[in-house]
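Notes for the one structure printed next.
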Amino acid sequence: MRGRKPKPTKRQISEGDPRQRGKRKIAAKLDAEPQAARGLPACPRHLRGRARACWNFWTRELELMDLDSRPDAQMLEGACVGYARAVQADLLIEKQGLVIEECKIVKDVIVVLKRRVHPAVAISRAAWRQVQAFCSEFGLSPVSRTRLAIEKPEGGESDLMTLLTAPRAPRPTVN
150 MRGRKPKPTK RQISEGDPRQ RGKRKIAAKL DAEPQAARGL PACPRHLRGR ARACWNFWTR
210 ELELMDLDSR PDAQMLEGAC VGYARAVQAD LLIEKQGLVI EECKIVKDVI VVLKRRVHPA
270 VAISRAAWRQ VQAFCSEFGL SPVSRTRLAI EKPEGGESDL MTLLTAPRAP RPTVN
């Protein structure tokens, strides 16, 4: 998908239709979005520390936004684990520094062989990317719900289209 991500339909409604799309079109779009079962399950037992705190925080926030859906539980769990991993890597970088040195002792003198970026930098970067992907693409953001809009066919409209697209009956000739 190119360009700016679409706004969530609920947000479009609350802003008062600034694009002048029409209230009926926006309401129809909201009706076409899939509705999942509400409420997230309890925090998984294996989440500990920062991941558990993250789960509790995001659960409360999703409930306040009316976005707490049961199918999102595993995605939320992945986001919490990724968040805990990213913060842990950032703390390690803060403690040990961005650069690590490989040293060798030669005749009681420490010689630096090479310097390289701390491996935790790559872990941190990947984990933060994972958290962002979970939040924006897998249902933790309202934008992803907007992208899942499903068109609902109406029975009356299909009958009208059949009637309008049918070939015309020939006119009787007058002799």
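All letters in the sequence shown, in the order written, are residues 150 to 324 by the numbering used here.
No residue lacks a Cβ here, since even glycine has one placed at the ideal position from N, Cα and C.
- Would you tell me roughly how many angstroms separate the C-alpha atoms of Leu240 and Ala200, rounded to the nearest one? For this step, residue 240 is matched to residue 91 along the sequence shown. For this step, residue 200 is matched to residue 51 along the sequence shown. Between Leu240 and Ala200, the C-alpha separation is close to 15 Å.
- Taking 8 Å as the threshold, find out whether the region 263-276 comes into contact with the region 225-243 through three or more Cβ pairs. yes
- Quick check: the region 260-269 against the region 241-248, are there 3 or more CB pairs under 8 Å? yes
- Bridge partners of Lys263, per DSSP? Position 114 of the sequence shown, counted from the first residue, corresponds to residue 263. Its beta-bridge partners are Glu251.
- Mind checking whether Cys192 and Trp207 have CB atoms under 7 Å apart? One-based indexing of the sequence shown puts residue 192 at position 43. One-based indexing of the sequence shown puts residue 207 at position 58. It is not a contact, given that the beta carbons lie outside the stated cut-off.
- Item | Rounded straight-line distance, which links the Cα of Arg320 to that of Glu182 | For this step, residue 182 is matched to residue 33 along the sequence shown. For this step, residue 320 is matched to residue 171 along the sequence shown. If I take the Cα positions, the gap works out to 46 Å.
- Query: Any contact of the region 210-219 with the region 173-188, i.e. 3+ C-beta pairs under 8 Å?
  - Reply: yes
- Query: For Val230, does the count of other Cβ atoms within 10 angstroms reach 16, so buried, or fall short, so exposed?
  - Reply: Taking the sequence shown and counting its residues from 1, the one referred to as residue 230 is at position 81. That one is buried.
- Query: So what's Arg317 in DSSP terms, helix, strand or just coil?
  - Reply: Numbered from its first residue, the sequence shown carries residue 317 at position 168. Coil, per DSSP.
- Item | Closest residue to Arg153 among Val323, Ser285 and Thr322 (Cα-Cα distance) | Here residue 153 corresponds to residue number 4 of the sequence shown, with the count starting at 1. When each option's Cα is compared against that of Arg153, the closest is Ser285.
- So, is Thr322 buried or exposed, given that buried needs 16 or more other C-beta atoms within 10 angstroms? Along the sequence shown, read from residue 1 onward, the residue named residue 322 stands at position 173. Using a 10 angstroms sphere on the CB of Thr322, the tally of other CB atoms stays under 16, which defines it as exposed.
- Query: For Arg219, which three-state DSSP category applies?
  - Reply: Stepping through the sequence shown from its first residue, residue 219 is reached at position 70. Arg219: helix per DSSP, three-state reduction.
- Query: In this structure, does DSSP put Lys209 in helix, strand or coil?
  - Reply: For the purposes of this step, residue 209 is identified with residue 60 of the sequence shown, where counting begins at 1. This sequence places Arg at residue 209; Lys is not what is there. Helix at Arg209.
- Message: Does Ala315 pass the burial test, meaning 16 or more other C-beta atoms within 10 Å, or should it be called exposed?
- Response: Taking the sequence shown and counting its residues from 1, the one referred to as residue 315 is at position 166. It is exposed - the Cβ of Ala315 has fewer than 16 other Cβ atoms within 10 Å.
- Item | Run of the alpha helix (DSSP H) containing Leu189, from where it starts to where it stops | Position 40 of the sequence shown, counted from the start, is the residue given in the question as residue 189. Careful: Leu189 lies outside any alpha helix (DSSP H) and carries neither H nor E.
- Query: Under the DSSP definition of a beta bridge, which residues are partnered with Val258?
  - Reply: Taking the first residue of the sequence shown as position 1, residue 258 is located at position 109. Per DSSP, Val255.
- Under a Cβ-count criterion, where at least 16 other Cβ atoms within 10 Å of its own Cβ denotes burial, should Ala318 be classed as buried or exposed? In the sequence shown, counting from the first residue as 1, residue 318 sits at position 169. Answer is exposed; the Cβ neighbour count stays below 16.
- Return the Cβ separation of Met224 and Phe283 in integer angstroms, given the expectation that the two are a contact with Cβ distance under 8 Å. Along the sequence shown, one-based indexing puts residue 224 at 75. Along the sequence shown, one-based indexing puts residue 283 at 134. With 8 Å as the limit, Met224 and Phe283 qualify as a contact, their Cβ atoms being about 5 Å apart.
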